[in-house]
Structures are given as structure tokens and as C-alpha cells.
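Those protein sequence lines, which keep their order, are chains A and B.
First residue of the first sequence: 1, per full-length UniProt numbering; consecutive thereafter.
First residue of the second sequence: 1, per full-length UniProt numbering; consecutive thereafter.
As C-alpha cells, the structure follows; a few thoughts come after it.
Protein chains: 2
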Amino acid sequence: MTMDYELTITTFLERARDLFSHKEIVTALPDGSTHRYTYGDAYERICQLAHALDEYGMAPGDRSGVMAVNHFRHYELYFGPSCSERSIHMVNHRLPEHHLVTIINEAADRLLFVDPQFVDVLEPIADDLETVEQYVVLGDADDVPETSLSPVTDYESFIAGYDTDYDWPDVDEETESALCYTSGTTGLPKGVQYTHRGQFLHTMMHSHVDVFAVSESDVVMPVVPMFHVNGWGFPYTTTFTGAKIVLPGQHTDPDDLIPIIQDEEVTIAAAVPTVWMEVDRIIEESDDLDPGVLNTLHDVLIGGSSPPESLIRKYDEVYEAPISQGYGMTEASPHLANTLVTTEVQQLSESEQDRLRMKAGVPAPGVQIRLRDEDGEPVPHDGETPGEVQARAPWLAGEYYERPDATEASFTDDGWFMSGDVATIDEYGYIDVVDRLDDVIKSGGEWISSIELENALIGHDGVAEATVIGVPHEKWQERPVAYVVPDDGLTVETLREYLLASFPKWWLPDRFEFVDEVPKTTTGKFDKKELVEAFESEYGSLPVEE
Amino acid sequence: MTMDYELTITTFLERARDLFSHKEIVTALPDGSTHRYTYGDAYERICQLAHALDEYGMAPGDRSGVMAVNHFRHYELYFGPSCSERSIHMVNHRLPEHHLVTIINEAADRLLFVDPQFVDVLEPIADDLETVEQYVVLGDADDVPETSLSPVTDYESFIAGYDTDYDWPDVDEETESALCYTSGTTGLPKGVQYTHRGQFLHTMMHSHVDVFAVSESDVVMPVVPMFHVNGWGFPYTTTFTGAKIVLPGQHTDPDDLIPIIQDEEVTIAAAVPTVWMEVDRIIEESDDLDPGVLNTLHDVLIGGSSPPESLIRKYDEVYEAPISQGYGMTEASPHLANTLVTTEVQQLSESEQDRLRMKAGVPAPGVQIRLRDEDGEPVPHDGETPGEVQARAPWLAGEYYERPDATEASFTDDGWFMSGDVATIDEYGYIDVVDRLDDVIKSGGEWISSIELENALIGHDGVAEATVIGVPHEKWQERPVAYVVPDDGLTVETLREYLLASFPKWWLPDRFEFVDEVPKTTTGKFDKKELVEAFESEYGSLPVEE
């Protein structure tokens, strides 16, 4: 049979040491200068970090938290703890304070590595952190600010003086390598434990020629934060393939990104669509920048939400920097699907191809996707019938950390992850995410996408803001109601006719409420929950005749 | 933690069914016509095959043998048995009869699938096959020749009438999927058991952009036989990625391959170097074929031995069909290393790059390679010092089937496979296989490559044939002796001076024996063993003073 070979993150590190020790890791520092070193240098410091964890007395499985932007010390923390059989917990500094307290306590982080600029995020909650024994500021002694955190040291002192080689332990591939929390729209964040095996397989898939094809010859810049969905897996993929990696640090404003792309000749960059829209606007408005400024990019990766068709066209034709999409989530490390221009798709017209490229893509090799209706029954892959995206992959979580209730609610009896996303799948295998299950409107056994209606309304010239919610209905169970901030002169009849051009009659909202403003959550999203509660307390449910 | 997800070959099949059911599998038939069907068609027949195995009473783990060239029915046999939890044993019809008897009995094949043209290979040994219950000729009833084999049926009858869908079992990833024998230069063939897990990982690696980058948009033609080293893994890789596959059947002569490459627009083709030399010769000598005839090929894959530099140049410049190399062996499924033109290598001169491309390449992602000397001590990776190639990979065998002695001799105590190949590794990570360990000459603790001396001698204008053996030496343990078939007028002194231009003095053979002919084995290789035995019986060992 096959030899006993554990799939581990350590093999990434060793491959970079053996074959790519001369390749660069570049970080944009806060002061505008650049930190440059090699995979060989990083390896030595990662070994020092592992020794420091030994010396501190971190046992196998013990966790350290890290609250940081994308830079070389954060990169080192992706490896030092995991490869020495501990785990690293990436903490999103943007979470509300009570969430931070909950997750750091739940993870039982003993050490907390923190960027100087995030020290003041921790200070107000430090008294509530039950397990943290030591704060380590990510910098040298000069970078440690005046702080109430205690005890506190700096990263450079923490790792200084240790041996630059390390005898990595044999780690069972099912061991936790990292812990990452996902924030749903409701409830407390839920922990996802990554394993060495899962990360190995995710990383191998990432470089598949029909996924992101990350090669040794690439220069990869993850703008997506390393504290979020595992940095899209790029810290691992670049290391395994020996690609040059460019970390933008605090310089994630589109203004700052353009010169970095130019100077470092970035070939692959990953960010949410708004970043690329803003980059486009800046180039448009600039007198100095010409469209060739982005043409080292051969893959502009977008995730999180769908790019507008006009953006896809423009990046293709003007910037010669083609956009492709990835679809995933924290639970999936995060990758599940991506744009794949198959031989069949190549036969389609340009506009049909663009339409497909706006979708989430086809399942990556190793991923199985199915659509299920409310009763768990199969939904046809006809490009029209929506169903919940359920997935299996060897890098997908099988549970939420210490949350049997959430686990029970999110995994089927036959072992599939219930993503909560509602999508269609077309004849080309393309997944089109149309809504979140929580936001979909269940009308008489059929589903209506609140997001599609919302996007259509927002696209109308006379509409300033709009959102669509589902409200209880005596006959149909749920029906859509639209809240619209209208410009002068807009009528409900205009909106109804406008929507009828794109949607079946039964999709049309039963009511259009014209309001001065749509209430928003603290993160700026439409607060649908508040609207639903307000509607129900005022009207109860919609009567049959309406 | 990560979900329970077994890595299986079944997922390849299901992916092709779900996403690529319209893509083609093309076979060149013996009569010159072409058989075309789709992955969707193949899936249905593979389901029928699995039902037929059920009906026959094949238990989990039971093996079927197959003796066939590359065609669609052979392709179906790569999946039907494995995915239904049985195993398939690919049999090399070129083995000597007593080897065939040994391995078919050892594998305990219950069914034997055989091409019509190989029926007469089996007839003489059928009485000695202890476990075979049923012969199945790969064709329909008309294809079954008059034969003494009994009982005999045809493949189309065997699978006819069964359901075209199948409820595939959950298979543990460590389950044997296939069995393949490797023939060393000495002794009986040794069995290598492939597992579902190993094949999954090998297949994922195969499509890595820095390995063979096999994409959905490729048209792949494995000329390398599917009964040998697992068809280089291509039957699995094409299925997982949805690439069109072209199977040349019996048409593996370079004359036949050229029109197939043209007609099917093949992009990746894999064969031994002699095939590509012959293709070159045919195009050169033809009045009808122009150099553009090969330019659909973007990857001409070579394995088994090193291509001459002139061939690499010519395929680059004249045919625009670049050659790259793979290095592997049956035990490794087979892939271990390949040409990788890194950013560093791109900086070298063209001739330096060509020199690297003649080497076996760099370890593929997931592969670890080390060099060890006779005492098991590390050998520097300086491009000069030879050592035995030892390897680890998740798809590498951990043992030989039912051969504890061979296993003991080929795996180190710390779990590395001892390949028996002697190589150097240079600063770019490129492995250069210089000899087989059995053929290397151990002189005073240093190694002399018999193959390098031999190739140099053969390259001399005055030499018709030459081989170099190691003979016992009273002081140096072993020393080289050359056997040369000289043209008129050649002197030993000429040869010594010629070799001194390329090798250190201590590499030079102690004796040059001029002979009329070098003895050869039945497969046409120089019979070094006979020469060594003859030398020893005549001279014993070389004395100290010589």
C-alpha cells in the first residue's frame, strides 16, 4: 500500500526552504518604506518563533491569537505555531468588543500577538480575557506603545537569540493548524478549526491550472486580510509554489495599491470588488496613470460579492487584467468555486461569457456541490430553480468548535455542509448565488430572491436606496415588501412596470413603502431584521386578499 | 475539525459526469477508423461494468487483470472495478511467460480482460493460471478469436443490459484501487498497490500549474501504455479535469501518431524520447508534412530517459512544441519530478536552460527528494556529488505486495523509498539521474557512473559499441573496465586522452578490452552481468598495482 505520509503545512515550509529560499517576501511598511526578505530568511525566523513557543511552555494544541494586518510577521505566525504542533487563532479586530472577548476566551489563547495600532482595541477588554498570559506587539521594542496591557513584550525580543533551525515534529494530518471565526448575520461568531490535511489539499487545489494556477513565476498580493477566511489560503499557496509574495500591510487603500502593483510587478491580486472599482476610478481620474498601469496582472481575483459586468469588460479591454471570481466561505478554507472558461464556454458570445463570469463559478476539483430545497429534496440544475448550496470537500469544516447546536443546524445527516447560500446552477455548471437563505422569501413553496429584487430596484434611476424584506402572509406564508427611498415624482406603478420587465408577476412586492431612509446596521448593511420586526408589530401578517 | 471526506477515484468519475459529460474520449481503432464517445457515455458503461462485476460475484478487494493497449474499454476498466471497491491489475503483455504466470497467480486475478491480439499470449500459459475463472475479450462477440482459452466471453456481452447508473460505495481512501508490477533488471516483477488516496493526490498534483497543468481545455494523448506505470496517471487526470482524451490504441507508431495529433488537435502528448525522435525523422523526410504539423502541442512530455539537447532545440524552434520531462517510476504512480522553468532559470542563457531541461527536473509539489551515499549519509546538492535518490510522497508505495524481502531492501528505516537511481542535484533543485545504483562503480568510497563513461565512449567517432562495467579491485574495491567495439585504427591511448578531456583521471577505465561485439540481453540492452561474470571467472579481481 501507499507509504505513511501525513499531509502537513510543514511540507510547504520545507519545500520553500529547499527550492525557493532566494525568493522574496515583500511587505509595505506603515512609513511608506518596504521590508524585503526571502523565504530562506523567513524560514530561519519561523524556526526561532517555534523555539520561543517551546521556551514559553506552549504545549501541543495550545493556541496563540493574532490581531494584525498583512505583513511578514503575520506570515511567520501562519507557520511557527502550526508546524510546531500548536494552533494559531486569526482574530478579526473589527469585531464588536463582546465578540472579541467571547472568541478569545473560547479559543483559550495563551499568547496574543497584536499590531501596535490594535493595542487600543484590546485595552478596554483586557480584564475580560481569561486565558491570555502574554501580549506580544508585532514589531521591535520601539514599536510597543504606551499601554495598559500587561505583561507585554515585542515580537523581535520574543524570538531573538534562538536557533535558526528546528526539528519539526511529525504531526498527524488531522491536527488543528489554525482556528478562524465566522460571523454570521446573527448570533455569536462560530469557530472553524482548520487541519493540516485540509490546508494541504486546499493549497494543492489552489495551484490547479483550472483554479488560480498559482505558479512559482507569479507575484501574488493578497489584499484580502490574513485575519479573514484564512487569507484566501494565499500564504500557504505562495509558500508551496515558491511564488513571490507581496503584503500590503496597512496600505490597502486603492491609492496605495496601484504603485505597489507597479513596483513589484504583481501578477495575481485578490480583493473584494469595491477595491477594483475604486482602482478603476482612480486611474480614470488621474492625469499621470495610464491604463497600462495594471497590465502585469494576469489574474484579478474577486471574492465576497459579484462584480458588475461593466467592471469585467473594462478590466479585460482597457487594463488587460482579466477578472475572475472565487466563491467560498470561512468554513471552506475558503475556496469552493471559481470562474472556469471551459472549451464549451469559449464558444459562447462575449456577452454570454460575461454573464457567466458574473456568477460564482464552477466547483473546484475536489469540491462537490448540490442544491436542495426546504425539504432537503434535490433541485434541478436548470439555471433557474434556486436551492440551498450544500457542499462537500476534503478541506471543508465538519463542525463548529464547541457549538453542537450550530453544527447540528449546518450539517446534513449525510455529511454535507449547509452553506445558507441560495443559488442556481446552469447547464455549464456555473453556480449563481442569488441570496442568503435567511433573506430569501418563501412564497407558497417557491423562493423569491430579495437580493435580486433589491438590485433591480437600486438600478432604477428614480431610486436612491431600496431594500426588500419578506413578511408573513396568511396564505402564501411569506411575501416581499419593498422599502424605497424615491426621488421626486417616482410612483409605485412605475416601479411595478419596471420590475415586470425582468421578473414574473408573483415575484413583485405586495407593497412598496416609500421612506426617507432605510435603517442600517453598524457595518452599513441594510437592517432587514429591524424592518421585519417593525412591519410585524405594526401590521402582523399580510391578509389573503392582498 | 475537517469533515470526514475520503479521497477516492470515484470523485473523478462523478466530477466528469456532473460537469464534463459532453467532453470526448476518442480511440483510434485497429481498422483505422475512430471510436468516439463522451464522458457521459463512458460513465454509463462504467456503471454497467460495476453491475456486471456484482452479478459475477466479485467481492470487495477481488482483482481483475487486464492485458490491453490504450483504448476506451481499457479506460472503463480504470474505474469500474476500483470505484466499486475492487481492484484492477494492469498486466504488461511483453513480460516473459514465467513472469506473467507468477504475477497473475500472485495477484489472484479472477477475471482476465484481454485484447483480441493478446489472446495468443495467454493461451500457452492458461493451464498455469491458478485463479483465473473467466476470460473477457475486449470487444464484441465478433472480436473473439478462435481460442483454447475457456471459459471466454466478450466485453460487450459481459456488461450488456445492466443499469446505466450505480450507487457507488463509500470506499476508505486507503483501499487498493489498482495493482501494477514493476520489472527490475533482475529478479521477479514486484507488485505495487495503488490506493484511492494516493491516486487522488497524484491526480491533483498532475494538474498543478508547475507540473503538467492538465486543464479542461487540453486534448491529452497518452502514448505511454496504460499497462505501464499507471498510464502516467493520465486516465485519472483527464477525467478529473474534463480534458478531451485521445487513445491511440494499437496505432503507437510515429507514422500513425502524426495524423492523430493533427486531426484531434492534441495539446499534451506523453511518450518516451525515441517516439519523438522518430516523429522528427518522419517529418524531416516527408514531402507532405510541414513543421507546423505539431503546433497544437504545447507540452511534449518525455519520460523514461533523457532527450538529447538537439531534440529539445528542434521541438522548441522548428515545431513550436516544447518538450518537458517527467521523472518517475511504477512505485511513484509514477510522477516524482519534472522540468520547471523557474524565474531563476529564466535568467540563464538558452544553452544553460537546455542543459537543465535534459535533466529529470525538480521535485513536484508533495514530493520530497534526498540524496544518500552508500552509508546512508547525506550528499551535498552541489550538482556534482552523486547519491542515491530517496523519495517520500503521499502517492508513493510503502511496500511491495507480499514481498517483505524486497520491501526491506527498498525502504529506509525512516520511511523513505530507495529508488536505486543515482543522481546529482544542482543549485536550481534539478535532479540529474546519472546511473542505476546497480551499475554505478564504487571506487575507493567514490562513485563512478558507468553510464556517463559509456555515453562518452559511444560518442567517439572511432567507437561502434561500448559498455563499461565495474570489476573487483584489491585496493579500490571496484574499478571500471571498458568493452569497446573499435573501428579500424582506434587505440587505447586515443580513448584515454579523449575521456581525460571530460572526466577526472581516477574515472578512467583501468582496462579497455577491444571486442568484436558486446553481449546483449534479450531486450537488446548491454548484458553487463555476463561481462562481469566472465571477467571475474577469467581474472578474479584487478591487482593493486594496476
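Glycine is no exception: its CB is placed at the ideal position from the N, C-alpha and C atoms.
Please work out which residues of its chain come closer than 6 Å, Cβ to Cβ, to residue i, disregarding the five sequence neighbours upstream and downstream, and give them in chain order.
i	result
B/H251	A28
B/T153	V136
A/E546	Residue confidence for A/E546 is low, a pLDDT of 49 falling below 50, so the modelled location carries little weight and cannot support an answer.
B/V441	Sequence inspection shows Ile at residue 441 of chain B; the Val mentioned does not correspond to that position. Correct list, in chain order: I448, S450, G470, E478, P480.
B/Y401	G191, Q193
B/L129	I104
B/D421	V389, V433
B/W416	Q390, R392
B/P60	E85
A/Y166	C47, A50
For chain B, check one thing: does any of its Cβ atoms lie closer than 7 Å to the Cβ of residue i?
i	result
A/E546	With a pLDDT of only 49 at A/E546, under the threshold of 50, the placement of this residue in the model should not be trusted; the figure read from the coordinates follows. No, because no Cβ of chain B sits closer than 7 Å to the Cβ of A/E546.
A/F240	yes
A/V209	yes
A/M277	no
A/E216	yes
A/A178	no
A/M1	yes
A/G429	yes
A/A107	no
A/L301	no
Less than 8 Å between the CB atoms is what I'm expecting for residue i and residue j, so what's the real figure, rounded?
i	j	result
A/P519	A/A482	Actually they do not touch by this definition, with Cβ atoms about 14 Å apart.
B/S450	B/P480	7 Å
B/H196	B/V171	6 Å
A/D31	A/A68	That belief does not hold up - the Cβ atoms of A/D31 and A/A68 are roughly 17 Å apart, past 8 Å.
B/V144	B/D109	About 19 Å separates the two Cβ atoms, so there is no contact after all.
A/Y43	A/L13	6 Å
B/Y39	B/I25	7 Å
A/E320	A/M358	Between A/M358 and A/E320 the Cβ distance is about 20 Å, and since that is not below 8 Å, they are no contact.
Taking 7 Å as the threshold (beta carbon to beta carbon), is residue i in contact with chain A?
i	result
B/H202	no
B/Q193	yes
B/Y5	yes
B/Y78	no
B/G198	yes
B/A68	no
B/G398	yes
B/T343	yes
B/P394	yes
B/I49	Contrary to the premise, residue 49 of chain B reads as Leu rather than Ile in this sequence. Cβ-Cβ to chain A under 7 Å: no for B/L49.
What residue does the beta strand (DSSP E) around residue i start on, and which one ends it?
i	result
A/E388	387-392
B/D414	Unbroken run through B/D414: none, as it is neither H nor E.
B/Q134	134-137
Looking only at its chain, what residues have a beta carbon closer than 7 Å to the beta carbon of residue i, apart from the 5 residues adjacent to it on each side?
i	result
A/E454	A466, T467, V468
B/D140	D154, E156
B/H473	R479, S541, L542
From what residue to what residue does the alpha helix (DSSP H) around residue i run?
i	result
B/N105	97-107
A/S410	404-410
B/S351	350-357
residue 547 of chain A	Chain A is shown only over 1 to 546; residue 547 of chain A falls outside these bounds and no answer can be derived.
For residue i, would you say it is in contact with chain D, using Cβ-to-Cβ distances shorter than 7 Å as the test?
i	result
A/P365	No chain D is part of this structure, whose protein chains are labelled A and B.
Taking 6 Å as the cut-off, is the beta-carbon of residue i closer than that to any non-hydrogen atom of the ligand HEM?
i	result
B/I312	In the structure on display, the ligand HEM does not appear, and there are no ligands present to speak of.
Within a Cβ cutoff of 8 Å, which residues of the same chain sit near residue i, ignoring the five residues on either side of it in sequence?
i	result
A/R15	T239, F240, G242
A/E344	Y428
B/P365	M205, H208, D210, V211
A/E173	E6, L7, T8, T195, H196, R197, F200
Completely contained beta strand (DSSP E) runs for the segment 39-85 of chain B, where each covers 3 or more residues:
63-67
Curious, which full-length beta strand (DSSP E) runs of at least 3 residues does the segment 203-289 of chain A contain?
219-222, 244-247, 268-271
Those runs of the beta strand (DSSP E) which lie wholly inside the UniProt domain "AMP-binding enzyme C-terminal" (452-525) of chain B and span at least 3 residues:
463-473, 477-486, 511-514
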